[in-house]
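J.:
Protein chains in written order, with this note's numbering: chain A, 14 to 140; chain B, 710 to 953.
1. Using the DSSP secondary-structure output, state which residues sit across from residue 773 of chain B in a beta bridge.
2. What span of residues does the alpha helix (DSSP H) with residue 801 of chain B cover, start to end?
3. Could you pull out every residue in the same chain whose Cβ sits closer than 7 angstroms to the Cβ of residue 30 of chain A, ignoring the five residues on either side in sequence?
4. By DSSP, does residue 75 of chain A sit in helix, in strand, or in coil?
5. Report yes or no: is there a C-beta of chain A within less than 8 angstroms of the C-beta of residue 801 of chain B?
6. For residue 103 of chain A and residue 935 of chain B, what's the separation of their Cα atoms in angstroms?
7. Examine the Cβ distances between the segment 820-837 of chain B and the segment 750-757 of chain B and report whether three or more of them are shorter than 8 angstroms.
8. What does the Cβ neighbour count give for residue 27 of chain A, buried or exposed, with the cut at 16 atoms within 10 Å?
9. By the DSSP assignment, the beta strand (DSSP E) with residue 828 of chain B in it spans what residues?
10. Can you give me the C-alpha to C-alpha distance between residue 141 of chain A and residue 108 of chain A, rounded to a whole angstrom?
11. What is the DSSP secondary structure of residue 123 of chain A, counted as helix, strand or coil?
12. If you draw a straight line from the alpha carbon of residue 894 of chain B to that of residue 910 of chain B, how long is it in whole angstroms?
13. Looking at the strands, I want to know which residues DSSP matches up with residue 67 of chain A.
14. With 8 angstroms set as the bound, which would you pick, yes or no: does the beta-carbon of residue 19 of chain A sit closer than that to a beta-carbon of chain B?
15. According to the neighbour-count rule (16 or more other Cβ atoms, all chains shown, within 10 Å of its Cβ), is residue 824 of chain B buried or exposed?
16. Assuming residue 722 of chain B contacts residue 813 of chain B (C-beta within less than 8 angstroms), just tell me the rounded distance between them.
17. Run down chain A in chain order and give the residues with a C-beta less than 7 angstroms from the C-beta of residue 772 of chain B.
18. Going by beta-carbon coordinates alone, are residue 118 of chain A and residue 772 of chain B separated by less than 8 angstroms?
19. Work out the CA separation of residue 101 of chain A and residue 111 of chain A for me, nearest whole Å.
20. Given this structure, state the Cα-to-Cα distance separating residue 930 of chain B from residue 868 of chain B, to the nearest angstrom.
21. Can you tell me whether residue 140 of chain A is helix, strand or coil according to DSSP?
22. According to DSSP, is residue 721 of chain B part of a helix, a strand, or is it coil?
23. What residues from chain B crowd round residue 111 of chain A, counting only those whose CB sits closer than 7 angstroms?
24. Taking the CB atoms as reference points, tell me whether residue 876 of chain B and residue 792 of chain B lie closer together than 8 angstroms.
25. Please list the residues of the segment 786-813 of chain B that have a C-beta atom closer than 8 angstroms to any C-beta atom in chain A, keeping them in chain order.
26. Using DSSP with H/G/I as helix, E/B as strand and the rest coil, what is residue 952 of chain B?
27. Which first and last residues belong to the alpha helix (DSSP H) in which residue 876 of chain B is found?
28. Taking only beta-carbon atoms, is residue 66 of chain A less than 8 angstroms away from chain B?
29. Please report the distance separating the alpha-carbon of residue 852 of chain B from that of residue 901 of chain B.
30. Beta-carbon of residue 739 of chain B versus every beta-carbon of chain A: anything under 8 angstroms?
31. With a threshold of 8 angstroms between beta carbons, is residue 132 of chain A in contact with chain B?
32. Residue 819 of chain B lies in the alpha helix (DSSP H); which residues open and close that run?
33. Indicate whether at least one CB of chain A lies closer than 8 angstroms to the CB of residue 887 of chain B.
34. Nearest-angstrom Cα distance between residue 43 of chain A and residue 807 of chain B?
35. So, with DSSP's three-state summary, where would you put residue 132 of chain A?
36. Do we get a CB-CB distance below 8 angstroms when we pair residue 725 of chain B with the residues of chain A?
In structure tokens, the structure reads:
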């Protein structure tokens with residue numbers, strides 16, 4: 014079973030994580046939207062540290078012989094999901110950066126030796 | 710043989726250029742024989758050599774990207790301009806001198822006549838001219854097979870960047886155009902969206918100068934990427950059709 018020392022360590026780690034999340038949010042080093050996610054992760058760490066018994070029951074119900082294996086499995090799945098989320102955000106930013114660079118290039122385009130030939134037409138996404 | 714130039718504002722030639730100081734001027738000279746100077750757009754993809762200075766002397770349109778976006782981002786810049794400026798047809802012509810601008814009318818005409826949405830200048834319909842390295846030919850065959858399985862259409866030269874497109878394609882490409890090694894993927898997008906593609910034989914030349922942007926390792930990585938994307942398009946056909 015879990016010793017009081019282990020519980021204290023778990024609570025301390027979760028509180029540290031929570032503190033770092035608050036600090037980064039206050040300094041605006043992570044956006045509020047992302048900080049909500051990390052806040053959830055902090056609480057998800059804190060809950061089993063304070064009440065470890067349900068974790069053992071869940072692990073047993075899922076057929077894990079060693080509880081720590083269940084915790085590692087969940088942790089890996091959560092990290093994978095978070096990685097995927099970050100990747101999608103990066104891809105969106107990449108698209109926006111590309112659009113911005115193109116807009117800047119077209120906005121400062123040198124028109125060559127003669128004036129613009131035709132009337133401007135609407136482009137999808139311009140609205 | 711004298712070539713008649715297209716009326717102003719109808720056909721845009723897009724020249725994506727990354728470090729093409731050696732070959733850009735001669736390519737633009739060739740392009741001037743088929744369109745007027747203001748219908749030639751050099752998209753400088755953040756070159757670090759004298760490409761901007763060379764382009765400035767040529768009297769054609771110039772758009773300089775503040776950062777290097779890669780060939781897809783550069784070409785899409787041209788497509789977006791063509792769509793906004795009201796051009797009926799846009800043609801990508803590589804600034805490295807591999808594409809002969811005198812072949813442009815052969816690609817433009819079927820598009821103007823409504824016989825296809827995209828016309829591709831193909832190296833592999835005849836055995837003439839420069840046909841790239843053996844490794845790249847093998848890569849092209851592999852991609853061609855993937856496109857055939859995925860879309861049911863056989864395209865012999867699916868990596869050719871010498872392509873003329875109409876406004877329907879411009880609208881699609883202005884919205885989304887792949888970033889790296891875009892030709893095969895963009896072909897799959899069009900074919901899945903029900904657009905028509907016509908291949909025409911052209912003779913390509915070796916590069917006049919500069920270096921290819923595709924290194925062997927990059928080529929292998931892109932090959933895996935493009936094959937997986939084309940397969941994904943085949944799997945999620947409906948989604949792609951709506952996207953395009």
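Ideal Cβ positions, reconstructed from N, Cα and C, are used throughout, including at glycine. Computed from a predicted structure; not experimentally measured.
T.: Per the coordinate set shown:
1. B:753
2. Element bounds for residue 801 of chain B: not the alpha helix (DSSP H) but the beta strand (DSSP E), 798-801.
3. 55 and 58
4. coil
5. no
6. 20 angstroms
7. no
8. buried
9. 827-831
10. In the structure displayed, chain A extends from 14 to 140; residue 141 of chain A sits before or after that span and is not available.
11. strand
12. 21 angstroms
13. BP columns for residue 67 of chain A are empty, so no partner.
14. no
15. exposed
16. 7 angstroms
17. 118, 119 and 122
18. yes
19. 15 angstroms
20. 15 angstroms
21. In this prediction, residue 140 of chain A scores a pLDDT of 39, lower than 50, which makes its location untrustworthy; no coordinate-derived value is stated.
22. strand
23. 778 and 782
24. yes
25. 786, 789, 790, 792, 793, 794, 795 and 796
26. For residue 952 of chain B, the predicted model reports a pLDDT of 37, less than 50, meaning its position is unreliable; a value from the coordinates is still stated below. Residue state, collapsed to three classes: helix.
27. 876-884
28. no
29. 15 angstroms
30. no
31. Note that residue 132 of chain A has pLDDT 45, beneath the 50 cutoff, so the model's placement of it is unreliable and no number is given.
32. 813-821
33. no
34. 48 angstroms
35. Because residue 132 of chain A carries a pLDDT of 45, less than 50, the predicted location of this residue cannot be relied on, and the following value inherits that uncertainty. Reduced to three states, the DSSP call for residue 132 of chain A is coil.
36. no
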